[in-house]
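There are 2 protein chains.
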Amino acid sequence: MDPRYSVFASRFVGPSGTRLLMDDLGEALAAGEDLCNLGGGNPARIPALQALFRARLRATLDDGTFDRVSGVYDGPQGNREFLRAVRDLLRREYGWPVEVDHIAVTAGSQSSFFILFNLFTGHCVDGRRRYLDLPLTPEYIGYADIAIEADALRARRPLIEHLDARQFKYRVDFPAFDLAADSGAVCVSRPTNPTGNVLDADEMSRLVEITASADVPLIVDNAYGVPFPGIVFDAVEPVWAEHVVYCLSLSKLGLPGLRTGIVVARPDIIEAIRSFNAILTLATGSLGAVLATDLVASGEVLRVVTEVVRPYYRQRVADAVSWCARHFDGIDYHVHKPEGAIFLWLWFPDLPITAQELYARLKARGVLVIPGHFFFPGLAGDWPHRHQCIRVSYAQDPVQVEHGIRVIGEEVRRAWQG
Amino acid sequence: MDPRYSVFASRFVGPSGTRLLMDDLGEALAAGEDLCNLGGGNPARIPALQALFRARLRATLDDGTFDRVSGVYDGPQGNREFLRAVRDLLRREYGWPVEVDHIAVTAGSQSSFFILFNLFTGHCVDGRRRYLDLPLTPEYIGYADIAIEADALRARRPLIEHLDARQFKYRVDFPAFDLAADSGAVCVSRPTNPTGNVLDADEMSRLVEITASADVPLIVDNAYGVPFPGIVFDAVEPVWAEHVVYCLSLSKLGLPGLRTGIVVARPDIIEAIRSFNAILTLATGSLGAVLATDLVASGEVLRVVTEVVRPYYRQRVADAVSWCARHFDGIDYHVHKPEGAIFLWLWFPDLPITAQELYARLKARGVLVIPGHFFFPGLAGDWPHRHQCIRVSYAQDPVQVEHGIRVIGEEVRRAWQG
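Here the protein sequences line up with chains A and B, keeping their order.
Under the numbering used here, residues 21 to 438 are what the first sequence spells out, in order.
Under the numbering used here, residues 21 to 438 are what the second sequence spells out, in order.
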């Protein structure tokens with residue numbers, strides 16, 4: 021790296037988990053069918069959903085809406101009709117006392133986290149330095165690199181609860197989770213990317229309570245949760261409180277290419293997001309919001325989630341788990357209970373090579389996954405567990421997913437053989 | 021502002037020229053016909069261009085491209101086919117020796133500047149602090165707020181050349197423009213937003229030479245320039261050298277709502293942009309690039325610029341200038357020679373109120389403009405000139421533009437009458 025680059029940029033430039041992930045996605049995109057891409061977070065292409073968005077887009081072409089929204093800059097809080105539609109849905113479905121001032125559109129969830137993490141952490145106006153606390157790891161790879169001050173994240177190891185059928189579940193280690201006075205915010209993804217964990221109602225209410233007592237925001241990354249895209253397999257209630265910052269996205273509903281994130285939070289936080297949006301990009305892209313407005317306003321999105329999205333992923337995860345059982349025969353493996361999101365989190369205890377090495381060997385065979393150690397942002401100390409896990413998307417073409425799982429089995433066996 | 025917010029965020033949160041601009045745009049959008057919006061940078065809605073983009077979008081719906089691009093994350097450098105199309109156009113038209121590695125897509129020009137300004141300025145890895153030098157002001161409002169370190173910009177006053185017919189032209193004051201050793205980069209917009217100035221070939225070659233000698237990048241903000249959108253009224257050659265960073269955008273070609281910026285630069289700079297893209301937003305939206313790919317690849321975009329875009333704005337600016345002559349009768353005013361971009365830069369010498377006050381009075385009458393003082397980012401010292409100018413878009417509906425100019429005339433006259 022050029023030593024004349026800024027210290028700020030040097031945090032971002034160069035290798036990172038997020039760069040690896042997105043480079044691999046780009047490479048897979050260029051390679052087409054030649055690469056079995058179980059690495060990235062691309063949602064499944066569900067024909068019924070695609071048809072729905074195509075129909076919406078055709079309608080915007082026919083009625084002049086497309087001309088209007090493509091040809092102007094939106095305001096820095098995002099498309100007004102969409103904000104109203106989201107407000108109405110949250111009031112109607114969950115009774116949340118939110119107004120339009122509680123909601124902003126961003127250029128996708130990653131952009132939401134960039135804004136929020138850097139709003140609440142680092143050297144602060146009052147002279148203190150604050151940190152982002154993650155109650156649980158593994159956590160989302162994208163959190164690792166976005167805080168502009170180094171070492172801004174602090175994470176905890178989870179408790180591991182063993183379940184039947186080679187499954188396990190991470191649990192927040194509450195006795196070890198206390199918030200210091202220098203906590204700036206707490207963040208969890210629910211469902212968790214990469215594990216498919218869903219923090220249960222008790223865990224969530226304890227987190228809400230702890231953060232309320234400490235007077236810090238609780239950021240809930242809901243990229244896979246309810247009300248949409250609803251990729252969560254048991255009934256789940258979203259939490260709300262004045263200090264909760266709820267992050268949603270249209271990506272896993274099928275529109276990652278249109279980069280649309282949504283933040284629901286206190287008006288003063290939304291106000292800060294407006295400023296960030298204006299200064300980072302002037303305005304956010306409007307098309308994703310426009311395509312989703314009627315779906316959200318009418319509540320049809322809930323029907324689509326219940327009748328199309330959730331059953332689709334439910335079937336896909338059941339297949340993927342059964343393919344593990346078939347192709348991992350004789351291997352000591354565990355899989356995190358897949359309660360939501362679009363990944364299997366595979367744990368190979370005492371794996372004789374690192375997850376990074378397994379990733380490299382799999383990539384050499386044309387199968388992309390993400391090595392586990394990228395999913396422990398802010399976790400201090402060495403913990404062998406993080407080198408024994410990989411994240412595998414089950415959202416892609418089933419033939420590819422089964423092929424990938426078979427190759428993973430072969431390579432893990434080969435690692436043991438030596 | 022909450023004193024627990026970060027110092028980083030405090031640079032962005034709160035009032036700024038960019039926030040004012042984008043809030044006004046959002047307000048005008050919500051108000052519809054009730055507000056005469058000559059403030060923002062929305063391009064004109066040119067029917068032939070809109071028809072072209074609608075046709076392209078319909079084609080992507082019909083052939084499955086829309087499903088493909090909306091449903092996946094692009095790589096962090098942007099859509100490959102689009103990068104190739106831009107490379108081919110620049111090689112073919114200008115003979116620039118660029119490869120795909122010289123080009124990246126961003127979430128719009130503002131995002132390009134956020135990345136570039138913060139890559140080249142601030143506290144640097146080698147321990148020095150570097151600054152961004154603007155050879156000329158007035159310059160683009162959006163530059164003012166995006167450097168994450170305070171006071172990162174340094175600007176110069178221009179020379180003023182008086183021309184016929186109440187016109188004038190700003191010139192770089194080269195004797196006063198020397199680059200200190202702590203310069204990190206130099207930036208100019210060409211055509212200049214807000215003035216419509218086009219730095220001439222001599223000025224550009226001197227800037228290329230000075231920056232080459234100092235071994236710093238020369239960032240050329242080409243949001244309105246050639247090859248597209250080509251809103252520049254006399255023949256102009258774009259400059260290229262290995263240290264030039266050329267920033268383009270699809271916004272003024274008619275697609276601001278799709279947020280698509282393009283950077284052409286040395287591969288090491290493009291590599292840094294890839295990382296920023298991945299970490300700031302994972303990927304950039306792909307739809308703008310996809311809609312423009314064939315136009316750029318075939319070179320049809322050049323025909324569209326020559327036959328549609330440029331004649332359209334040429335007529336509009338001629339009208340706007342004539343309306344000034346009509347409605348500013350008896351007022352001491354000057355207008356910057358409109359050589360490109362979509363604004364009139366009006367100067368009222370010795371105006372007895374500030375441009376900010378004039379802005380407020382105009383807004384009270386339903387006419388939005390931008391007060392001039394926001395367009396002197398980094399200019400030290402007090403210079404009354406900056407409070408005597410306003411930026412007026414002539415890209416909107418002609419009836420509105422004439423109405424706005426009439427109201428400006430009335431309010432300036434009223435200011436003099438006290």
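No residue lacks a Cβ here, since even glycine has one placed at the ideal position from N, Cα and C.
query, result
"If you pair each beta-carbon of the region 303-312 of chain B with each one of the region 276-283 of chain A, do three or more pairs fall below 8 Å?", "yes"
"Give the residues from the region 256-281 of chain B that approach chain A closer than 7 Å (Cβ to any Cβ), ordered along the chain.", "GLY274, LEU275, PRO276, GLY277, LEU278 and ARG279"
"Looking at the C-beta of GLN70 (chain B), does it have a partner C-beta in chain A at a distance below 8 Å?", "yes"
"For a contact defined as C-beta to C-beta under 9 Å, what are the partners of VAL145 (chain B) on chain A?", "MET21, ASP22, PRO23, ARG24, TYR25, SER26, VAL27, ALA29 and SER30"
"Alpha carbons only, please: which of B:PRO237, B:VAL92 and B:PHE28 is nearest the one belonging to GLY61 (chain A)?", "B:VAL92"
"Output yes if chain A places a C-beta closer than 8 Å to the C-beta of PHE73 (chain B); else output no.", "yes"
"How far does the beta strand (DSSP E) with GLN187 (chain B) in it extend, from its first residue to its last?", "187-191"
"Excluding the 5 residues flanking LEU179 (chain A) on each side, which residues of the same chain have their C-beta closer than 8 Å to its C-beta?", "TYR190, ARG191, VAL192 and ASP193"
"By the DSSP assignment, the alpha helix (DSSP H) with VAL106 (chain A) in it spans what residues?", "100-114"
"Could you give the distance in angstroms between the alpha-carbon of ASP184 (chain B) and the alpha-carbon of LEU227 (chain B)?", "27 Å"
"Which parts of the region 353-433 of chain B are runs of the alpha helix (DSSP H), unbroken and 4 residues or longer, counting only runs that do not cross its ends?", "375-384"
"ALA71 (chain A) to TYR244 (chain A), Cα distance in whole Å?", "21 Å"
"How about PRO211 (chain B) and VAL240 (chain B): are their beta carbons less than 8 Å apart?", "no"
"Are there any heavy atoms of the ligand MG lying less than 7 Å away from the beta-carbon of GLU257 (chain A), as far as the coordinates show?", "Here there are no bound small molecules, and the ligand MG is not part of this structure."
"Identify the residues that DSSP records as bridge partners of ASN57 (chain A): which are they?", "A:LEU388"
"At a CB distance below 7 Å, what residues from the region 78-91 of chain A approach chain B? Give them in sequence order.", "ARG78, LEU81, PHE86, ASP87, VAL89, SER90 and GLY91"
"Between TYR244 (chain B) and chain A, is any beta-carbon pair separated by less than 8 Å?", "no"
"Helix or strand or just coil, what does DSSP make of LEU179 (chain B)?", "strand"
"Assuming ILE293 (chain A) is part of the alpha helix (DSSP H), what are its boundary residues?", "287-301"
"What is the DSSP secondary structure of TYR25 (chain B), counted as helix, strand or coil?", "coil"
"What residues in its chain sit with their C-beta under 8 Å from that of ARG433 (chain A), if we drop five residues either side in the sequence?", "GLY350 and ILE351"
"For TYR93 (chain A), which three-state DSSP category applies?", "coil"
"Determine whether the Cβ of ASN213 (chain B) lies closer than 8 Å to any Cβ atom of chain A.", "no"
"Compute the Euclidean distance between the alpha carbons of PHE137 (chain B) and ASN138 (chain A), then round it to the nearest angstrom.", "18 Å"
"Skipping 5 residues on each side, what residues in its chain have a beta carbon closer than 7 Å to that of ASP171 (chain B)?", "none"
"How would you call GLN408 (chain A), buried or exposed, if buried means at least 16 neighbouring beta carbons within 10 angstroms?", "buried"
"Cβ closer than 8 Å: which chain A residues qualify as neighbours of THR141 (chain B)?", "SER26"
"Is the CB of ASP487 (chain B) under 8 Å away from at least one CB in chain A?", "For residue 487 (chain B) there is no data in the structure shown, the boundaries of chain B being 21 and 438."
"Along chain B, in chain order, which residues have C-beta atoms closer than 8 Å to that of VAL421 (chain A)?", "Near VAL421 (chain A) there are no residues of chain B at all, since even the closest Cβ is about 16 Å away, more than 8 Å."
"Buried or exposed for ALA312 (chain A), going by 16 or more other Cβ atoms inside 10 Å?", "buried"
"So THR126 (chain A) packs on PHE395 (chain A), CB below 8 Å; how close in whole Å?", "That pair is no contact at about 23 Å."
"Taking a contact to mean a Cβ-Cβ separation below 8 Å, would you say VAL310 (chain B) touches VAL89 (chain B) in this structure?", "yes"
"State the start and end residues of the unbroken beta strand (DSSP E) segment that holds GLY147 (chain A).", "No beta strand (DSSP E) contains GLY147 (chain A), which DSSP labels as neither H nor E."
"Quickly, what does DSSP pair TYR151 (chain A) with across the bridge? List them, please.", "A:SER203"
"Quick one: give me the first and last residue of the beta strand (DSSP E) that VAL264 (chain B) is part of.", "264-269"
"Would a C-beta distance cut-off of 8 Å place ALA48 (chain A) and LEU40 (chain A) closer than the cut-off?", "no"
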